[in-house]
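Chemist:
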Amino acid sequence: MKSEKSKNTQEKIFNAALKVFSEKGFSGATTSEISKEAGVAEGTIFRYYKTKKDILRGVMLEYVERFEEFANLESLKKIIRENKDKSIEEILKIILLDRYKVFEKNYNIMKVIHYEMQFHEDIKSMYIEKIREKEYQMSNYIFKQIKINKEEYKNIDYKLISRIFRGMMFGVFFQRRSEMEKDNIIPIEKEIDVMIDVFFNGIKKK
Numbered sequence: 001m002k003s004e005k006s007k008n009t010q011e012k013i014f015n016a017a018l019k020v021f022s023e024k025g026f027s028g029a030t031t032s033e034i035s036k037e038a039g040v041a042e043g044t045i046f047r048y049y050k051t052k053k054d055i056l057r058g059v060m061l062e063y064v065e066r067f068e069e070f071a072n073l074e075s076l077k078k079i080i081r082e083n084k085d086k087s088i089e090e091i092l093k094i095i096l097l098d099r100y101k102v103f104e105k106n107y108n109i110m111k112v113i114h115y116e117m118q119f120h121e122d123i124k125s126m127y128i129e130k131i132r133e134k135e136y137q138m139s140n141y142i143f144k145q146i147k148i149n150k151e152e153y154k155n156i157d158y159k160l161i162s163r164i165f166r167g168m169m170f171g172v173f174f175q176r177r178s179e180m181e182k183d184n185i186i187p188i189e190k191e192i193d194v195m196i197d198v199f200f201n202g203i204k205k206k
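If you count the sequence shown from 1, position 65 lands on 65 in UniProt numbering, and the numbers rise without skipping.
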């Protein structure tokens with residue numbers, strides 16, 4: 001069993017690695033930089049992680065745990081239940097604003113995994129196995145609950161529109177977060193309004 005000091009040291013290394021990976025990418029990061037960021041000797045890293053790649057696998061496992069909050073169906077049920085008298089668009093906006101708060105809190109880890117899985121088959125496989133189904137369950141649940149009017153909208157394939165919606169959501173979230181340093185950034189509420197408008201206009205019957 002690890003001592004409290006040992007746990008704290010590992011947490012420092014993990015958080016330092018996450019910061020360096022986020023700024024430089026996995027391939028651009030070195031264990032020397034991670035050790036400096038963590039305030040520990042470089043050799044200390046290898047007491048907790050065999051290799052730099054082992055740290056990335058640890059980041060993926062942590063992401064799986066944190067994603068539970070993002071894809072939590074109970075919180076979605078609560079939002080839908082408390083806003084059942086509102087329009088589809090209003091409910092979606094409330095959900096997206098709520099999910100954005102969770103995304104922002106976990107931005108660095110989401111950024112690292114979404115980027116690195118392009119280059120690491122094992123990370124990509126873990127993502128598909130552990131995360132993809134939760135993403136689908138979340139978006140599919142939303143659209144099945146908010147009862148899209150079939151007379152107003154095209155014949156709905158829930159799996160397809162769920163995938164498109166997820167793509168738009170993460171696209172808006174990541175793009176916005178990467179532009180946070182700009183002075184003239186558009187309010188998140190407005191970006192979400194535009195996204196919802198584009199999405200529903202795309203599936204409406206002409």
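Backbone N, C-alpha and C fix where the C-beta goes; we use that ideal spot for every residue, glycine too.
Going by Cα to Cα distance, which pick from Y48, K84, Y100, K93 is closest to A71?
Modeler: Position 71 of the sequence shown holds residue 71. Of the candidates Y48, K84, Y100, K93, the one whose C-alpha sits nearest the C-alpha of A71 is Y100.
Chemist: Give the DSSP-derived three-state secondary structure of A49 in the structure shown.
Modeler: In the sequence shown, the residue the question calls residue 49 occupies position 49. Reading the sequence as shown, one finds Tyr at residue 49 and not Ala. Looking at Y49 - three-state DSSP - the assignment turns out to be coil, as it is neither helix nor strand.
Chemist: In angstroms with no decimal places, state the Cα-to-Cα distance between N82 and E68.
Modeler: What you label residue 82 is simply residue 82 of the sequence shown in a count that begins at 1. What you label residue 68 is simply residue 68 of the sequence shown in a count that begins at 1. Checking the displayed sequence, the identity of residue 82 turns out to be Glu instead of Asn. Approximately 21 Å between the Cα atoms of the pair.
Chemist: Any chance the region 184 to 202 sits against the region 112 to 126, with 3 or more Cβ pairs inside 8 Å?
Modeler: No, because fewer than three Cβ pairs between the region 184 to 202 and the region 112 to 126 fall closer than 8 Å, the two stretches do not touch.
Chemist: K130 to F21, Cα distance in whole Å?
Modeler: Here residue 130 refers to the residue found at position 130 when the sequence shown is read from its first residue. Here residue 21 refers to the residue found at position 21 when the sequence shown is read from its first residue. Rounded to whole angstroms, K130 to F21 spans 21 Å at the Cα level.
Chemist: For E191, would you say it is in contact with chain C, using Cβ-to-Cβ distances shorter than 7 Å as the test?
Modeler: The structure shown contains no chain C, having only a single protein chain.
Chemist: I'd like to know whether the C-beta atoms of Y63 and I109 end up nearer to each other than 7 Å.
Modeler: Locating residue 63 in the sequence shown gives position 63, counting from the first residue. Locating residue 109 in the sequence shown gives position 109, counting from the first residue. For Y63 and I109, yes; Cβs fall inside 7 Å.
Chemist: Mapping the DSSP letters down to three states, classify G43 as helix, strand or coil.
Modeler: In the sequence shown, residue 43 corresponds to position 43, counting from 1. Three-state DSSP puts G43 in a helix.
Chemist: Pull up the CB-CB distance for I113 and V59, whole angstroms please, since I reckon it's below 8 Å.
Modeler: The residue labelled residue 113 in the question sits at position 113 within the sequence shown. The residue labelled residue 59 in the question sits at position 59 within the sequence shown. Right, their Cβ atoms sit about 7 Å apart.
Chemist: Label M180 either buried or exposed according to how many other C-beta atoms from any shown protein chain fall within 10 Å of its C-beta, with 16 as the threshold for buried.
Modeler: As a working mapping, residue 180 is identified with position 180 in the sequence shown. M180 comes out exposed.
Chemist: Which of the three DSSP states, helix, strand or coil, is assigned to H114?
Modeler: Taking the sequence shown and counting its residues from 1, the one referred to as residue 114 is at position 114. Correct three-state label for H114: helix.
Chemist: Taking F174 and I161 to be in contact with their CB atoms under 8 Å, please state how far apart those CB atoms are, rounded to whole angstroms.
Modeler: For this step, residue 174 is matched to residue 174 along the sequence shown. For this step, residue 161 is matched to residue 161 along the sequence shown. No, F174 and I161 are not in contact; Cβ-Cβ is about 20 Å, not under 8 Å.
Chemist: Work out the CA separation of E42 and I128 for me, nearest whole Å.
Modeler: Residue 128 sits at position 128 when you count from the first residue of the sequence shown. Residue 42 sits at position 42 when you count from the first residue of the sequence shown. Their backbone Cα atoms lie some 33 Å apart in a straight line.
Chemist: Could I get the ranges of all uninterrupted alpha helix (DSSP H) runs contained in the region 12 to 98, with 4 residues as the minimum, in chain order?
Modeler: 31 to 38, 42 to 48, 52 to 70, 73 to 82, all fully within the region 12 to 98.
Chemist: Quick one, which of I45, E133, G202, G25 has its alpha-carbon nearest Q118's?
Modeler: Indexing the sequence shown from 1 puts residue 118 at position 118. Cα-wise, what sits closest to Q118 is G25.
Chemist: Specify, as a first and last residue, the run of the alpha helix (DSSP H) that D122 falls within.
Modeler: Indexing the sequence shown from 1 puts residue 122 at position 122. Segment 121 to 127, the alpha helix (DSSP H) holding D122.
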